[in-house]
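> Residue numbers (full-length UniProt numbering): 1 to 203.
Provided herewith is a single structure, encoded as structure tokens, for subsequent inquiry.
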Ligand code: ZN
């Protein structure tokens, strides 16, 4: 199983990090060892003093595919959820400034939180789905799929030009604004259309 992540898919988040607006999706990956095991806390790694939460809509691939056309992309997934793309921002800034790959800042152990999945037939439209991250019972990030620069089907089509999608692969579709550092004892909860899909403790 692999995790394919999209960066810079929401205008307001691009602006908060002062990034350039991309002309194509920004893509990076996390290995399966990045998945935070269910019921486990997230331990802030020693190599960072600035680990940020990024709440994202995530999609689970249900069918093998390559060179998928956007109009057929909906046949390749039937469940979605929310997850966190934990990012060691201090390390990422260092790597970015040198033009180096981001993996150490993005793909470390525990950096991928995956919520419980919900069948997509429970939503009337995937184009208008709200999601939220709460930290210690306060809303810290709020997103809506209608603000994505590239929609789920376009992303599936795009990434499948480079990587064969396999059953169980997960796509992280990018974070809206509001990313911020986590600290010990924070409790983070992810919601999709008001339904809680994960709850994790920071250590
Ligand atoms: Zn992200």
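Ideal placement from N, C-alpha and C gives every residue a C-beta, glycine not left out.
Predicted model only: the values in this text are computed from it and were never measured.
Relative to the C-alpha of residue 168, which residue among 76, 72 and 16 is closest?
As a position in the chain shown, residue 168 is number 168, starting the count at 1. Among 76, 72 and 16, the Cα nearest to that of residue 168 is on 76.
> Is residue 152 near residue 61, with beta carbons less than 9 Å apart?
Looking up residue 152 in the chain shown gives position 152. Looking up residue 61 in the chain shown gives position 61. No.
> Return yes when the C-beta of residue 85 is under 8 Å from any heavy atom of the ligand ZN, and no when it is not.
In the chain shown, residue 85 corresponds to position 85, counting from 1. Yes - the ligand ZN has a heavy atom lying nearer than 8 Å to the Cβ of residue 85.
> What number of angstroms, rounded off, separates the C-alpha of residue 206 from the C-alpha of residue 85?
Any property of residue 206 remains undetermined from this structure, which presents the chain solely from 1 to 203.
> Verify the contact flag: residue 170, CB atom, against every heavy atom of the ligand ZN, threshold strictly below 8 Å.
Numbered from its first residue, the chain shown carries residue 170 at position 170. Residue 170 Cβ: outside cutoff for every heavy atom of the ligand ZN.
> Counting only runs of 3+ residues fully inside the segment 90-136, write out the beta strand (DSSP E) ranges in chain order.
The segment 90-136 contains these whole beta strand (DSSP E) runs: 112-114 and 130-135.
> Using C-beta distances below 7 Å, list every residue in its chain close to residue 12, excluding the 5 sequence neighbours before and after it, in chain order.
To locate residue 12, count along the chain shown from 1; it is residue 12. Cβ neighbours of residue 12 beyond the five flanking positions: 176 and 177.
> Quick check on the burial criterion: 16 or more other C-beta atoms within 10 angstroms. Buried or exposed for residue 36?
Counting from one through the chain shown, the residue named residue 36 turns up at place 36. With 16 or more Cβ atoms within 10 Å of its Cβ, residue 36 is classed as buried.
> Identify the residues that DSSP records as bridge partners of residue 142: which are they?
Here residue 142 corresponds to residue number 142 of the chain shown, with the count starting at 1. For residue 142, which the question treats as bridged, DSSP gives the partners 132.
> How big is the Cα-Cα spacing for residue 105 and residue 88?
Indexing the chain shown from 1 puts residue 105 at position 105. Indexing the chain shown from 1 puts residue 88 at position 88. For residue 105 and residue 88, the distance between alpha carbons rounds to 5 Å.
> Does the distance between the C-beta of residue 7 and the nearest non-hydrogen atom of the ligand ZN fall short of 8 Å?
Start at 1 with the first residue of the chain shown, and residue 7 comes out as number 7. Yes, Cβ of residue 7 sits closer than 8 Å to a heavy atom of the ligand ZN.
> Could you tell me which of 90, 99, 52 and 119 sits nearest to residue 74, measuring between CA atoms?
One-based indexing of the chain shown puts residue 74 at position 74. Of the listed residues, the one whose Cα sits closest to residue 74 is 119.
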